[in-house]
Amino acid sequence: MSSEPSAGGSDPRRPGARLVTAAQVLLTLAGVLYLGVVVEAAAGWPLDPARSYLSELAALDQATSPLFRSTDVAAGALVVGGLALLGTAYRLARRAGAPAATLVQKVTFWAFVVFGLATVADALLPLDCALSVGDCAAREEAGELSLAHQAHTFSSVASGVSSFVASAGVVWLARARRRTLLGVSARLAGALGPLLGVVTGTIGLFGSPLPVGTGIVQRVQIVAFSVVLVLAVQVLTLRQPHRGAPETDVPQDRTARSPASHSEP
-19 MSSEPSAGGS DPRRPGARLV TAAQVLLTLA GVLYLGVVVE AAAGWPLDPA RSYLSELAAL
41 DQATSPLFRS TDVAAGALVV GGLALLGTAY RLARRAGAPA ATLVQKVTFW AFVVFGLATV
101 ADALLPLDCA LSVGDCAARE EAGELSLAHQ AHTFSSVASG VSSFVASAGV VWLARARRRT
161 LLGVSARLAG ALGPLLGVVT GTIGLFGSPL PVGTGIVQRV QIVAFSVVLV LAVQVLTLRQ
221 PHRGAPETDV PQDRTARSPA SHSEP
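Heads up, the sequence shown is in our numbering, so the first residue is -19 and it goes up one at a time.
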């Protein structure tokens, strides 16, 4: 993984710089594709957004299923591909003498990888039907739906937990830039997503129909994590400040020339 700006940064002469830039492009595209609310609005709000989960639009009985499943597969694949590029850039930077990633950076990186894989699995294991309409919820409770429909629950849990961990890591790492727009955005989106995810996930345990407003909360959570995806590369390439020293907004790529000047947080 790439977890320091020395793995690329903004200087094209640094090892892996172009890979970091490419990773930023892929993660940005992933964030845009994961933002399903825009597609939902363009489709004319096929389901009641206040009482349905966004993932229901990918259910096999919905006309929007091919579109939403395709965007989820693409988003998940772009996340995994972007992080693969970031990992390659990191290895190049390490060979050039860049400092090692911190534990939080490593955990955050792998949480994003799991999220990408789980998102692809979500699309490949769609719901048989939208739980908020018709008799789908009753059929689910009676055990009449397919194995893929049941497995969707597990892939969704994996996606939710990994996004929670990744967001928590982003909040922690962004503290080095908390006085900048990047830092504020990362910390706000990174904190908001898990909080709302816990709320909607807890409500979902009680089954359908969902209380009015649950779907809106879940959609805001997805928007927040889409922002986290867009900022992921920049946050992962932030270096923690010196222990005992005042925080600075100077990125790692200006200080990586003197690795001895760094201390692990």
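Beta carbons: idealized from backbone N, C-alpha and C, even for Gly.
Delimiting residues of the alpha helix (DSSP H) encompassing residue i
i      : result
Glu36  : No alpha helix (DSSP H) contains Glu36, which DSSP labels as neither H nor E.
Arg199 : Thr194 to Leu216
Gly96  : Leu83 to Leu104
Cys116 : Cys116 to Glu121
Residue from the options with nearest C-alpha to residue i
i      : options                           : result
Ser165 : Ser136, Val207 and Ala148         : Val207
Trp90  : Gly163, Leu105, Ser112 and Phe144 : Phe144
Val141 : Val113, Ala3 and Val93            : Val93
Val281 : Gly24, Ser139, Ala78 and Thr82    : As displayed, the chain neither begins before -19 nor continues past 245, which places residue 281 out of reach and without an answer.
Leu83  : Gly77, Ala146 and Glu124          : Ala146
Ser45  : Ser126, Pro29, Val19 and Tyr70    : Val19
Val215 : Glu121, Thr1, Leu172 and Gly149   : Gly149
Ile202 : Leu6, Gly173 and Val178           : Gly173
Gln42  : Thr88, Leu190, Val113 and Gln4    : Val113
Beta-carbon proximity of residue i to residue j, cut-off 8 Å
i      : j      : result
Ala212 : Pro106 : no
Ser136 : Asp115 : no
Arg31  : Gly195 : yes
Gly56  : Gly96  : yes
Leu34  : Arg199 : yes
Leu13  : Leu58  : yes
Val197 : Leu168 : no
Leu127 : Glu120 : no
Backbone CA spacing between residue i and residue j [nearest angstrom]
i       : j      : result
Glu36   : Thr68  : 36 Å
Ala154  : Gly170 : 9 Å
Val210  : Leu104 : 24 Å
Leu72   : Leu47  : 38 Å
Trp152  : Ala117 : 39 Å
Pro26   : Leu66  : 38 Å
Ala21   : Arg75  : 47 Å
Thr217  : Val17  : 29 Å
Lys86   : Val60  : 15 Å
Gly123  : Ser50  : 27 Å
Val192  : Phe134 : 25 Å
Val100  : Asp108 : 17 Å
Val0    : Gly77  : 17 Å
Ala23   : Pro79  : 48 Å
Gly(-4) : Ala2   : 10 Å
Ala81   : Tyr70  : 9 Å
Pro221  : Leu161 : Here the model assigns Pro221 a pLDDT of 40, short of 50, so the residue's position is not dependable, and the following value carries that caveat. When rounded, the distance between both Cα atoms is 18 Å.
Arg(-2) : Gln130 : 42 Å
Arg219  : Ala204 : In this predicted model, Arg219 has a pLDDT of only 49, less than 50, meaning its place in the structure is not dependable enough to derive any value.
Leu15   : Leu9   : 10 Å
Leu125  : Leu6   : 35 Å
Pro29   : Thr88  : 31 Å
Val178  : Leu190 : 15 Å
Thr180  : Gln4   : 29 Å
His132  : Ala98  : 10 Å
* **Every unbroken alpha helix (DSSP H) within the segment 2 to 62, with a cutoff of 4 residues, ordered by chain** => The qualifying runs are 16 to 22.
* Could I get the ranges of all uninterrupted alpha helix (DSSP H) runs contained in the segment 124 to 190, with 4 residues as the minimum, in chain order? => Listed in chain order, they are 127 to 153 and 161 to 184.
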